[in-house]
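Peer 1:
There are 2 protein chains.
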Amino acid sequence: MTAVATNRARVTTPGDREIHVERIFNASRERVWRAFTEPDLIKQWWGRGNPLVIEKHEFERGGHWRFVEHAKEGVHGFEGRFRDIKPMDRIDRTFEWDGMPGYVIIESATFEDLGDGRTKLTTRSLFYNQDERDGMLKSGMEGGMNESYEALDRLLATVSS
Amino acid sequence: MTAVATNRARVTTPGDREIHVERIFNASRERVWRAFTEPDLIKQWWGRGNPLVIEKHEFERGGHWRFVEHAKEGVHGFEGRFRDIKPMDRIDRTFEWDGMPGYVIIESATFEDLGDGRTKLTTRSLFYNQDERDGMLKSGMEGGMNESYEALDRLLATVSS
Numbered sequence: 028m029t030a031v032a033t034n035r036a037r038v039t040t041p042g043d044r045e046i047h048v049e050r051i052f053n054a055s056r057e058r059v060w061r062a063f064t065e066p067d068l069i070k071q072w073w074g075r076g077n078p079l080v081i082e083k084h085e086f087e088r089g090g091h092w093r094f095v096e097h098a099k100e101g102v103h104g105f106e107g108r109f110r111d112i113k114p115m116d117r118i119d120r121t122f123e124w125d126g127m128p129g130y131v132i133i134e135s136a137t138f139e140d141l142g143d144g145r146t147k148l149t150t151r152s153l154f155y156n157q158d159e160r161d162g163m164l165k166s167g168m169e170g171g172m173n174e175s176y177e178a179l180d181r182l183l184a185t186v187s188s
Numbered sequence: 028m029t030a031v032a033t034n035r036a037r038v039t040t041p042g043d044r045e046i047h048v049e050r051i052f053n054a055s056r057e058r059v060w061r062a063f064t065e066p067d068l069i070k071q072w073w074g075r076g077n078p079l080v081i082e083k084h085e086f087e088r089g090g091h092w093r094f095v096e097h098a099k100e101g102v103h104g105f106e107g108r109f110r111d112i113k114p115m116d117r118i119d120r121t122f123e124w125d126g127m128p129g130y131v132i133i134e135s136a137t138f139e140d141l142g143d144g145r146t147k148l149t150t151r152s153l154f155y156n157q158d159e160r161d162g163m164l165k166s167g168m169e170g171g172m173n174e175s176y177e178a179l180d181r182l183l184a185t186v187s188s
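Those sequence lines, one after another, are chains A and B. Following the numbering used here, the numbering of the first sequence begins with 28 at its first residue and continues without gaps. Following the numbering used here, the numbering of the second sequence begins with 28 at its first residue and continues without gaps.
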C-alpha cells in the first residue's frame with residue numbers, strides 16, 4: 028500500500044452533550060462530498076478497510092440509511108435518517124449503533140473549501156445527555172474514526188474528481 | 028357508541044427539553060400493558076379511531092417499530108426503536124414523525140398499578156433542544172394524544188383482562 032499524507036483530526040467537547048471533530052482532507056470539496064455521498068465510494072472507506080454492506084442509503088431529507096461493517100471481531104450495524112441535506116455543503120442526519128439501540132445522535136457534517144485544494148470537514152455530534160456523550164468518547168470512537176479517515180485519505184488519493 | 032368514563036391527562040414541562048404526561052386509566056395494569064404492546068390491540072386505539080397500519084413492531088430491545096395512521100387529512104408515519112423494555116413496568120423507545128424526520132424523541136412510558144383497579148401511565152419525552160420540544164407542544168400533540176387515550180378508554184372498557 029502506498030504511503031498517503033494524512034492529517035490529524037481535532038476532537039473537542041465544547042458542551043456537555045457535544046463532540047466536535049475537525050479534519051482536513053487533501054482533496055477538493057467536490058471529491059470529499061462524493062466520497063461521503065456515493066455508495067460505491069462510501070463502501071471503500073467507511074468500514075475502515077473492512078467490508079461494508081450498504082443496506083439503505085436514501086440520500087434525501089427523511090430518507091433512511093443503514094450501513095453494516097463486517098469486522099474480524101464482529102458485525103457492527105449503524106443507521107439513522109437524513110434530517111437535512113445542502114448539496115456540497117452540509118449533511119444533517121441521525122446516527123445510532125445497533126449495540127446501543129435508541130441512543131441516537133444528531134450529526135451535522137459541513138464541508139468547507141479551504142481554497143488551496145484542501146477541504147475541512149467539521150462534524151458536530153449532539154447527544155441526549157452527557158452520559159451518552161461520555162460513553163461514545165470511551166467507546167474507542169476516536170480510533171475507529173481515525174482509521175476510517177485514513178482509509179478515506181487513501182481513496183481520495185486515487186479517485187478521479 | 029356507549030359513553031365511557033375518561034380521565035384527564037396532566038401535561039407538564041419540568042425542564043426545557045421535556046414533556047411529561049400523566050394519565051389514569053380505569054383498568055388493571057395488565058390490561059393497559061396489553062393494549063400498549065399487542066399489535067391487534069394497539070391498532071384499535073393508537074390511530075385515534077383512524078385505520079392504523081403496523082408496519083413493524085419488533086417488541087424487544089433494539090427492535091424497530093413503525094406505525095402509519097391513515098387519517099382523513101393525510102397519512103402520518105411514526106417510527107423508532109426500542110431502547111429498553113421492562114415487562115409490565117416500562118417501555119423506553121425513540122419516537123419520530125415522518126413530517127420532521129430525524130427530530131427524534133426519547134420516550135419513557137411507565138405503568139403504575141394504583142391498587143384500586145386503575146393504572147397510571149406516565150410518559151416522559153426528552154427532546155434534543157427546547158425548540159423541538161416547543162414545536163411538539165404547538166403541533167396539536169395534546170389534542171391527538173387525548174383522542175388516542177379516549178379511544179383507549181373505550182377499548183379498555185371492552186377488552187377482556
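All C-beta atoms in this analysis are idealised placements derived from N, C-alpha and C, irrespective of residue type, glycine included. Quick caveat, the model's predicted, so the values are computed rather than measured.
If we define contact as Cβ-Cβ less than 8 Å, is Pro-66 (chain A) a contact residue for chain B?
Peer 2: no
Peer 1: Anything in chain A within Cβ reach of Phe-94 (chain B), meaning under 9 Å, just list it in chain order.
Peer 2: What Phe-94 (chain B) touches in chain A, judged by beta-carbon distance under 9 Å, is nothing: the nearest beta carbon there is about 16 Å away.
Peer 1: Less than 8 Å between CB atoms is the rule here; does Val-46 (chain B) satisfy it with respect to chain A?
Peer 2: According to the sequence as given, residue 46 (chain B) is Ile; it is not Val. At a cut-off of 8 Å between beta carbons, Ile-46 (chain B) makes no contact with chain A.
Peer 1: Verify the CB distance criterion: does Ser-188 (chain A) have a CB-CB separation below 8 Å to chain B?
Peer 2: Summary for Ser-188 (chain A): the model assigns pLDDT 46, below 50, so the residue's position carries little reliability, and this model does not support an answer.
Peer 1: May I have the straight-line CA-CA distance separating Asp-158 (chain A) from Met-168 (chain A), to the nearest angstrom?
Peer 2: 15 Å
Peer 1: Hey, Ala-1 (chain B) and Leu-182 (chain B): beta-carbon distance below 8 Å or not?
Peer 2: With chain B covering 28 to 188 only, the question about residue 1 (chain B) has no answer from this structure.
Peer 1: Within 10 angstroms of the Cβ of Met-115 (chain B), are there 16 or more other Cβ atoms? Answer buried if so, exposed if not.
Peer 2: Within 10 angstroms of the beta-carbon of Met-115 (chain B) lie fewer than 16 other beta-carbons, which makes it exposed.
Peer 1: Which parts of the segment 48-98 of chain A are runs of the beta strand (DSSP E), unbroken and 3 residues or longer, counting only runs that do not cross its ends?
Peer 2: Runs found: 79-84, 91-98.
Peer 1: Hey, would you say Arg-50 (chain A) sits closer than 8 Å to Ala-32 (chain A), going by beta carbons?
Peer 2: no
Peer 1: Return the Cβ separation of Thr-150 (chain A) and Glu-139 (chain A) in integer angstroms, given the expectation that the two are a contact with Cβ distance under 8 Å.
Peer 2: In fact, because the Cβ distance is near 12 Å, the residues do not count as touching under 8 Å.
Peer 1: I'd like to know if Phe-109 (chain B) contacts chain A, where contact means its C-beta is closer than 8 Å to some C-beta of that chain.
Peer 2: yes
Peer 1: At the level of alpha carbons, what is the spacing between Gly-144 (chain A) and Trp-92 (chain A)?
Peer 2: 30 Å
Peer 1: Check the C-beta distance from Thr-121 (chain B) over to Val-95 (chain A) and give it rounded, since I have them as a contact under 8 Å.
Peer 2: Going by Cβ atoms, the distance from Thr-121 (chain B) to Val-95 (chain A) rounds to 20 Å, so no, they are not a contact pair.
Peer 1: Run through chain A and tell me which residues come within less than 7 Å of Val-131 (chain B), C-beta to C-beta.
Peer 2: By Cβ distance, chain A contributes Thr-121, Val-131.
Peer 1: Tell me the DSSP secondary structure of Leu-153 (chain B) in three-state form.
Peer 2: Judged by DSSP in its simplified three-state form, Leu-153 (chain B) adopts strand.
Peer 1: Name the chain B residues that come within less than 8 Å of Tyr-176 (chain A), Cβ to Cβ?
Peer 2: Within chain B, no residue comes near Tyr-176 (chain A); the closest Cβ sits about 24 Å away, beyond 8 Å.
Peer 1: Spatial neighbours of Ser-188 (chain A) within its chain, please: CB distance less than 7 Å, with the 5 preceding and 5 following residues excluded, ordered by chain position.
Peer 2: Confidence in Ser-188 (chain A) is poor, its pLDDT being 46 and thus under 50, which makes the residue's placement too unreliable to answer from.
Peer 1: At a cut of 8 Å, does the segment 70-79 of chain B reach the segment 164-178 of chain B through at least three beta carbon pairs?
Peer 2: yes
Peer 1: Around the Cβ of Val-48 (chain A), are there at least 16 other Cβ atoms within 10 angstroms (buried) or fewer (exposed)?
Peer 2: Per the 10 Å Cβ criterion, buried.
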